[in-house]
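Trainee: One line per chain: the protein sequences are A and B, in this order.
Using the numbering used here, you'd call the opening residue of the first sequence number 515 and step up by one each time.
Using the numbering used here, you'd call the opening residue of the second sequence number 26 and step up by one each time.
Cβ coordinates follow ideal geometry from the N, Cα and C atoms, glycine included.
Here's a structure for you.
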Amino acid sequence: GDSVTQMEGPVTLSEEAFLTINCTYTATGYPSLFWYVQYPGEGLQLLLKATKADDKGSNKGFEATYRKETTSFHLEKGSVQVSDSAVYFCALSDLYSSASKIIFGSGTRLSIRP
Amino acid sequence: EPEVTQTPSHQVTQMGQEVILRCVPISNHLYFYWYRQILGQKVEFLVSFYNNEISEKSEIFDDQFSVERPDGSNFTLKIRSTKLEDSAMYFCASSPGRLGGTDTQYFGPGTRLTVL
Chain A
515 GDSVTQMEGP
525 VTLSEEAFLT
535 INCTYTATGY
545 PSLFWYVQYP
555 GEGLQLLLKA
565 TKADDKGSNK
575 GFEATYRKET
585 TSFHLEKGSV
595 QVSDSAVYFC
605 ALSDLYSSAS
615 KIIFGSGTRL
625 SIRP
Chain B
26 EPEVTQTPSH
36 QVTQMGQEVI
46 LRCVPISNHL
56 YFYWYRQILG
66 QKVEFLVSFY
76 NNEISEKSEI
86 FDDQFSVERP
96 DGSNFTLKIR
106 STKLEDSAMY
116 FCASSPGRLG
126 GTDTQYFGPG
136 TRLTVL
C-alpha cells in the first residue's frame with residue numbers, strides 16, 4: 515500500500531541555519547503531497563502542499579518540490595527561527611479520490627537553539 | 026478564518042466505559058474524518074464520512090467505533106467499550122469536497138483520550 519518515509523529526528527539546529535527534512539513516498543496512483551506541522555500542545559496545521567510533479571509548495575519560508583522521478587518531497591527552509599520548533603509530518607493522499615485518507619509519515623521533531 | 030473545533034480537549038475514562046468525542050467541522054465542508062495518534066507514534070486514519078455514511082474506514086475502526094452526524098453541525102466519534110490501547114490523541118478533520126482529490130483537510134486541535 516501507499517506509504518511515507520521521512521528522516522527520523524530529533525533534528526537540532528541553531529537559529530538561521532539551513533533546514534532539510536527528507537521525505538520519500540510510495541504510491542500506486544498519483545498522490546497529492548503535503549507537509550503538516552504540529553506545534554507544542556496544538557493540532558495539525560497544513561504547512562504546504564503540491565498536487566502534481568514538479569509543483570513547488572511554499573509557505574512561511576518553507577519550500578518543498580514534488581519530485582516524481584525520485585518519489586521525494588523534501589522540506590527546506592533557508593534560515594530557521596526558534597518559532598519553527600515543532601514536529602513536521604510529510605503526508606500523501608490519493609489525487610483521484612476526493613474522500614481519501616491522508617497517510618502520514620512518522621514525523622520529525624525539530625528543535626531550534628537561539 | 027474558519028476552523029475545526031473539538032471537545033473536550035482532554036477526556037479521562039475507565040476501561041469498558043463508552044466515550045463520545047465531538048467535533049464541529051468547518052461549516053461548508055462536505056467530508057469529515059477521524060484520525061488518531063498514539064503517543065510517540067504516527068497519525069493514523071480511522072474513518073471518512075460523506076453524505077451521512079462512511080466512505081472509507083481502516084482496520085483500526087472495528088465494531089467498537091461508530092461515527093455520526095447528529096445534526097447539521099456536529100460530527101461525533103463513539104467508542105463503545107474503551108480499552109487501554111484506545112488512549113491516544115484523536116483528531117477530527119474536514120474538507121470542502123472539491124472534485125479531483127486535491128482537497129485540503131483541515132484538522133482540529135485534538136482530544137486527548139486517556140483510558141485508565
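Give the residues of chain B in contact with Glu556 of chain A, contact being defined as C-beta atoms less than 9 angstroms apart.
Mentor: Taking the first residue of the first sequence as 1, we reach residue 556 of chain A at position 42. Correct list: Pro134 and Gly135.
Trainee: Assuming contact is defined by CB atoms lying nearer than 7 angstroms, are Gly97 of chain B and Met114 of chain B in contact in what I supplied?
Mentor: Along the second sequence, one-based indexing puts residue 97 of chain B at 72. Along the second sequence, one-based indexing puts residue 114 of chain B at 89. Not a contact, by the Cβ cut-off of 7 angstroms.
Trainee: Taking DSSP's pairing of strands, which residues face Pro545 of chain A in a bridge?
Mentor: Walking along the first sequence from the start, residue 545 of chain A turns up at place 31. Paired residues: A:Asp608.
Trainee: Which value, in whole angstroms, describes the spacing of the CA atoms of Leu55 of chain B and Pro628 of chain A?
Mentor: The sequence position of residue 55 of chain B within the second sequence is 30, counting from 1. The sequence position of residue 628 of chain A within the first sequence is 114, counting from 1. Approximately 43 angstroms, taken between the alpha carbons.
Trainee: Quick one: what does DSSP say Asn76 of chain B is sitting in, helix, strand or coil?
Mentor: Against the second sequence, residue 76 of chain B aligns to sequence position 51. Residue state, collapsed to three classes: coil.
Trainee: Have a look at Arg623 of chain A and Ala605 of chain A and give me their C-alpha separation to the nearest angstrom.
Mentor: Reading the first sequence from its first residue, position 109 is the one you call residue 623 of chain A. Reading the first sequence from its first residue, position 91 is the one you call residue 605 of chain A. Distance between the alpha carbons of Arg623 of chain A and Ala605 of chain A is about 15 angstroms.
Trainee: For a contact defined as C-beta to C-beta under 8 angstroms, what are the partners of Leu561 of chain A on chain B?
Mentor: Here residue 561 of chain A corresponds to residue number 47 of the first sequence, with the count starting at 1. Correct list: empty, because the minimum Cβ distance to chain B is about 11 angstroms.
Trainee: Is there at least one Cβ from chain B nearer than 7 angstroms to Lys615 of chain A's Cβ?
Mentor: Numbered from its first residue, the first sequence carries residue 615 of chain A at position 101. Contact of Lys615 of chain A with chain B is assigned, a C-beta pair being separated by under 7 angstroms.
Trainee: Quick check on this structure: which residue in A:Gly515, A:Leu589 and A:Tyr602 has the alpha carbon closest to the alpha carbon of Tyr553 of chain A?
Mentor: Counting from 1 along the first sequence, the entry for residue 553 of chain A is found at position 39. Among A:Gly515, A:Leu589 and A:Tyr602, the Cα nearest to that of Tyr553 of chain A belongs to A:Tyr602.
Trainee: Which residues of the stretch 62-88 of chain B have a Cβ closer than 8 angstroms to any Cβ of chain A? Give them in chain order.
Mentor: Gln66, Lys67, Val68, Glu69, Phe70, Ser73, Tyr75, Ser80, Glu81 and Ser83
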